[in-house]
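These protein sequence lines map, in sequence, to chains U and R. The opening residue of the first sequence carries number 1 in the UniProt record's numbering; numbering runs sequentially from there. The opening residue of the second sequence carries number 1 in the UniProt record's numbering; numbering runs sequentially from there. C-beta: ideal position from N, C-alpha, C; glycine also. Please read these numbers as outputs of a predicted model, since none were measured by experiment.
Number of protein chains: 2
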Amino acid sequence: MGKKVLISGGAGFIGSHMVDRLLRRNDLETLVVVDNFWTGLATNLAHIRDPRLNLVTSNIEDFATGDKFDEIIHLASPASPPWYMREPIRTIRANLVGALNLVEMLVPGGRMSFASTSEVYGDPLVTPQPESYRGFVDCTGPRSSYDESKRCTEALLFECQRTRGIEIRVVRLFNVYGPRTRPDDGRAVSNFLSQALTHGELTLYGEGDQTRSWGYVDDIVDALERFFWLDSGITYGGPLNVGNDREISVAEVANYIVSLVPGARIKMCPPIPQDPTNRRPDLTICRQVLPGWQANITYEEGVKRTLDWFRDQIQHGAETDAPSPVRLED
Amino acid sequence: MGKKVLISGGAGFIGSHMVDRLLRRNDLETLVVVDNFWTGLATNLAHIRDPRLNLVTSNIEDFATGDKFDEIIHLASPASPPWYMREPIRTIRANLVGALNLVEMLVPGGRMSFASTSEVYGDPLVTPQPESYRGFVDCTGPRSSYDESKRCTEALLFECQRTRGIEIRVVRLFNVYGPRTRPDDGRAVSNFLSQALTHGELTLYGEGDQTRSWGYVDDIVDALERFFWLDSGITYGGPLNVGNDREISVAEVANYIVSLVPGARIKMCPPIPQDPTNRRPDLTICRQVLPGWQANITYEEGVKRTLDWFRDQIQHGAETDAPSPVRLED
């Protein structure tokens, strides 16, 4: 008997890459993809011709089925500030009510995997951030719907592990970028690329000296695949930092993209409230749990690949108007 | 037209005191109390003869009605570690899914009040704790179902204030105790009193040097009543620390109770995992928002009153077996 697997958010940026990896599995019997196409795109799955795939259009918090699953991978959530700030209640529902719904759909002994985020560290006072760092999140602030619903979903899963004995895999992802990001995603790399390829004006919020650890999606999905199902014998359920630990400023990325696209230029804009000043994963545990894994693709290479992909998208008429960041009185 | 008010957890310890206060209001038309009697007790409301009261037995996350309410006060949640550690998923549901349900039941311009907790500060590295302190909570730890669902519910309400313009009142309560605590509540004061009055052996976990700021329920409810509805002209929605800022060690309370009850004695027990080492509210904002309010009742006086109440309960046959704290590998 093959495995019955469910993935929420499977039409999204990371989700659709995970679907590709899941469909490589010989032990997979059915793959139910649940997506409400809030931030996911049907085009991300349009290339798939696999009878094991069953795509369901639904909010994950409302999804109902009589089936149970051997493995559930919960990725349903917007990940970009302008998206979750516009619909914070929906963001909390997707993450947490989604997870509450999904944990009831596991077979006994099933495994639930969850994509948490480096945003659980907030604006960190410690660098690099180890998993033991408890974070610096304003639970009443403008980013709280995302940060706190990820934190609370982690709490839920670790408590399910403790009280119900379910197997869990919780990763904290650090600024993933690459092909299949929405052109109107609104985060730095995709924003800069969309802007560079259209009107040419890259909006840099604040001084641009805030740093991130940019993880190219292929590298990140390599790690997720190993942690979620491929590597046998893993007993560590998380939380596991997954990312590239090379820390680069937002301004450096913008300047690099300007150097690649003739006519592109930078426009300085006021800072975004509570934009984290720095972010870099401590990968000590990751190296133990996933020996040999590391993020191999430099940001220079990853940005070039993503640029090519965006260029191709724009030539084929995708939406490219990146939304403005939500303006907030802080 | 009078006000339609809903209170969740209204049969609970603090909730039932709030119901008494609400029924003093002349502008109150109906008061819907929703309680599932998980930690609430019917006896807490047994003295009430008021036709405006409508008691509904339901989980707050499952409660459905066609009515809308002018004011909603969300108190449904266990507050004692042994209770929420035994049923963490239910705890998250009560707080967060309850709040998600309730925010849809407000009339336009309605007000939603929420009892959050000093536990959002976790094991604080700053003392006293101002509301701006972002806390030190392990979102994967054994207390996380409570701490993180309170944090995420705060996030939800502040985001509802921002995106929907609803009026909110969020308080962070510090270690409230007093009459109508369950004898089997399991927190320090009630635990010590139950133990002193039955087998006489007070279980002190760890060295007892962890401090708390014990707030007698009458003082606390005075503040809540003012903040939630009585004082007009409040524009600050919170978060608002409410508590007694006299910081007392757990051992001191235990010794005091031993001095009051002949034959009572202390039994040293191993520490409880992630028991916060200290806790004390910074009341600067509270003094501005609720001028003249302060916690007047000393812990010596409050403990005596609570002792009398517990003694009376025990004579009338209430349950007194305090549960053991949940033991955890940390």
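Nearest in C-alpha terms to residue 292 (chain U), of all of U:166, U:231, U:270, is U:231.
Residue 220 (chain R) and residue 295 (chain R) have their C-alpha atoms some 7 Å from each other. Of R:163, R:222, R:182, the smallest CA-CA separation from residue 173 (chain R) is found for R:222. If only complete runs of 4 or more residues are kept, the segment 7 to 95 of chain R shows the alpha helix (DSSP H) at 13 to 22, 81 to 86, 88 to 92, in order along the chain.
Counting the other Cβ atoms within 10 Å of the Cβ of residue 13 (chain R) gives 16 or more, which makes it buried.
For residue 205 (chain R), the enclosing beta strand (DSSP E) begins and ends at 201 to 205. Per DSSP, residue 305 (chain U) is not a residue of any beta strand (DSSP E); the alpha helix (DSSP H) it occupies stretches across 299 to 315. Per DSSP, the continuous beta strand (DSSP E) segment holding residue 110 (chain U) begins and ends at 106 to 117. In this structure, residue 98 (chain U) and residue 76 (chain U) form a Cβ contact; the two beta carbons are roughly 5 Å apart against a cut-off of 8 Å. Nearest in C-alpha terms to residue 261 (chain R), of all of R:238, R:196, R:289, R:242, is R:196. Cα atoms of residue 156 (chain U) and residue 170 (chain U): separation of roughly 11 Å, rounded to the nearest angstrom.
Between residue 123 (chain R) and residue 277 (chain R), the C-beta gap is smaller than 8 Å, which places the two residues in contact.
Within a 10 Å sphere around the beta-carbon of residue 95 (chain U) sit 16 or more other beta-carbons, which makes this residue buried. With a contact defined as Cβ atoms closer than 8 Å, residue 151 (chain U) and residue 139 (chain R) qualify at about 4 Å.
No Cβ of chain U is located within less than 8 Å of the beta carbon of residue 16 (chain R). The bridge partners DSSP lists for residue 240 (chain U) are U:171. At least 8 Å separates the beta-carbon of residue 279 (chain U) from that of residue 226 (chain U). Counted as a single uninterrupted DSSP element, the alpha helix (DSSP H) harbouring residue 287 (chain U) occupies residues 284 to 289.
The criterion of a C-beta distance shorter than 8 Å is satisfied by residue 45 (chain U) and residue 19 (chain U). Of the residues assessed, residue 210 (chain U) falls on the buried side of the cut-off, its CB having 16 or more other CB atoms within 10 angstroms. When only Cα atoms are considered, residue 162 (chain R) and residue 83 (chain U) end up about 15 Å apart.
Under DSSP, residue 268 (chain R) takes part in a beta bridge, and its partners are R:204.
The beta carbons of residue 306 (chain R) and residue 141 (chain R) sit about 30 Å from each other, so the pair does not count as a contact at 8 Å. Per the C-alpha coordinates, the member of R:31, R:79, R:43, R:303 positioned closest to residue 193 (chain R) is R:303. With its beta carbon at least 8 Å from every one in chain R, residue 242 (chain U) lies outside the interface. Beyond the five residues adjoining it in sequence on each side, residue 286 (chain R) comes within less than 8 Å, by CB distance, of 223, 240, 241, 242, 293 in the same chain, given in chain order. Here the alpha carbon of residue 275 (chain U) sits roughly 16 Å from the alpha carbon of residue 191 (chain U). Secondary structure at residue 233 (chain R): coil, using DSSP grouped into helix, strand and coil. Between residue 216 (chain U) and residue 297 (chain U), the gap from beta carbon to beta carbon is short of 8 Å. The alpha-carbon of residue 28 (chain R) is positioned some 24 Å away from that of residue 165 (chain R).
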